[in-house]
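Quick note: to get the UniProt record's numbering, add 1 to the position in the sequence shown (first position is 1). Working notes, structure below.
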Amino acid sequence: DKKIIIAIDGFSSTGKSTLAKQLAKHLGYVFIDTGAMYRAIAFFSMQKGYINNDFFDKESLIKSLPTIRLQFKFNAELGFAEMYLNGENVEKQIRSFEVSGFVSKVAEITEVRTKLVEQQQEMGKDKGIVMDGRDIGTVVFPEAELKIFMTASAQTRAQRRYDELLQKGDTVTFEEVFNNVVERDYIDTHRSNSPLAKADDAVEIDNSNLTRAEQFDLVLEVVNEIL
Ligand code: C5P
Numbered sequence: 002d003k004k005i006i007i008a009i010d011g012f013s014s015t016g017k018s019t020l021a022k023q024l025a026k027h028l029g030y031v032f033i034d035t036g037a038m039y040r041a042i043a044f045f046s047m048q049k050g051y052i053n054n055d056f057f058d059k060e061s062l063i064k065s066l067p068t069i070r071l072q073f074k075f076n077a078e079l080g081f082a083e084m085y086l087n088g089e090n091v092e093k094q095i096r097s098f099e100v101s102g103f104v105s106k107v108a109e110i111t112e113v114r115t116k117l118v119e120q121q122q123e124m125g126k127d128k129g130i131v132m133d134g135r136d137i138g139t140v141v142f143p144e145a146e147l148k149i150f151m152t153a154s155a156q157t158r159a160q161r162r163y164d165e166l167l168q169k170g171d172t173v174t175f176e177e178v179f180n181n182v183v184e185r186d187y188i189d190t191h192r193s194n195s196p197l198a199k200a201d202d203a204v205e206i207d208n209s210n211l212t213r214a215e216q217f218d219l220v221l222e223v224v225n226e227i228l
């Protein structure tokens, strides 16, 4: 039985994790949402007071990196793994709009990326993994057997994220969500270390006008050609 690595990259709120979860479930693979890891570091920085709207003490964050332990623990009820920061389940906290506001600044730091990329590569060493993020096909697993790059219009993506946040009871306006999506895309594509980019050999999917089911069928065809 051939096991492969599937790398899914793309802009914010393109539904990367949704697709990755569907694929992992279908194939019996492990699903890893690397955004959760960067979000956990951003949450840690907020808790420690290293980052707020006015300043960012990068040096203190870098110094405390060795004390940060990130783990994914599978939750059978939910059917996917949840993020643990130093033993505490932070899955809910890391999805807040506040964390979304800081995460791209934290993800720019080279020392942060080095630590997380190393952990991600370790998780994929036995293959049979679907990993989503920004640099999976370009940096984490440049040898991945399948790379997918997802896009959708900013309007579509902001609307999806806005609906999701409202449903969770977050009080944000559509404009705030739209601005956050655009700002994160800008930082993610312009940073000097591992900027978000489509790998040359990635399959690009614009899902602005695709249902989840249509998108899944499309990707499954590509997967079946490889397996
Ligand atoms: O995927 P998600 O939107 O949760 O990711 C949150 C942020 O984490 C991204 O906007 C990006 O700044 C950062 N990230 C990254 N590299 C990854 C995954 C996420 O820089 N592989």
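Cβ atoms here follow ideal geometry from the backbone N, Cα and C, with glycine treated the same way.
First and last residue of the beta strand (DSSP E) that includes residue i?
i: Ala82; result: 81-86
i: Lys74; result: 71-76
i: Phe150; result: 147-152
i: Gly134; result: 130-134
i: Gly11; result: 6-11
For the ligand C5P, any of its heavy atoms closer than 7 Å to the Cβ of residue i?
i: Ile33; result: no
i: Ala108; result: yes
i: Gly36; result: yes
i: Tyr187; result: no
i: Tyr39; result: yes
i: Ser105; result: yes
i: residue 1; result: Given that the chain is displayed from residue 2 to residue 228, the structure contains no residue 1 and the question cannot be resolved.
i: Asp136; result: yes
i: Ser13; result: yes
The alpha helix (DSSP H) with residue i in it runs from where to where?
i: Thr190; result: 175-191
i: Ala43; result: 35-48
i: Glu222; result: 213-227
i: Asp207; result: First-last for Asp207: 204-207, but that is the beta strand (DSSP E), not the alpha helix (DSSP H).
i: Ile63; result: 59-65
i: Ala155; result: 155-168
i: Ala200; result: Counting along the chain, Ala200 falls outside any alpha helix (DSSP H), and DSSP gives it neither H nor E.
i: Ala25; result: 17-28
i: Gly102; result: 98-107
i: Thr111; result: 111-124
Quick one: what's got a C-beta closer than 6 Å to residue i's C-beta in the same chain, skipping five residues either side?
i: Tyr51; result: Asp58, Ser61, Leu62
i: Gln94; result: Phe44
i: residue 265; result: Residue coverage of the chain in this structure runs from 2 to 228, which leaves residue 265 outside it and unanswerable.
i: Phe75; result: Ala82
i: Ala108; result: Tyr39
i: Asn194; result: Thr111, Arg114
i: Ile188; result: Ser105
Buried or exposed: which applies to residue i, given that a residue is buried once 16 or more other Cβ atoms fall within 10 Å of its Cβ?
i: residue 248; result: Past the edges of the chain, shown from 2 to 228, lies residue 248, and the structure says nothing about it.
i: Arg114; result: buried
i: Gly36; result: buried
i: Val220; result: buried
i: residue 247; result: This structure cannot settle anything about residue 247, because the visible part of the chain is limited to 2 through 228.
i: Glu92; result: buried
i: Ser46; result: buried
i: Gly138; result: buried
i: Leu79; result: exposed
i: Ala8; result: buried
Kindly list the residues whose CB is nearer than 8 Å to the CB of residue i, restricted to its own chain and excluding five residues on each side of it in sequence; keep chain order.
i: Gly16; result: Met151, Ala153, Arg161, Asn208, Arg213, Gln216
i: Gln120; result: Met38, Leu71
i: Asp127; result: Lys4
By Cβ distance, which residues of its chain are closer than 7 Å to residue i, with the 5 residues on each side in sequence left out?
i: Ile227; result: Ile5, Glu146, Leu147
i: Asp186; result: Phe12, Ser13
i: Ala41; result: Leu71, Met84, Leu86, Val91, Ile95
i: Val182; result: Ser13, Ser14, Ala155, Arg158, Ala159, Arg162
i: Ala223; result: Just to set this straight, residue 223 is Val in the shown sequence, not Ala. For Val223, where only same-chain residues beyond five positions count, the Cβ hits under 7 Å are Leu147, Val204.
i: Gln122; result: Val141
i: Gly102; result: Asn181
Flag residue i as yes if its beta-carbon sits less than 8 Å from any beta-carbon of chain B, otherwise no.
i: Gly11; result: No chain B is part of this structure, which consists of one protein chain only.
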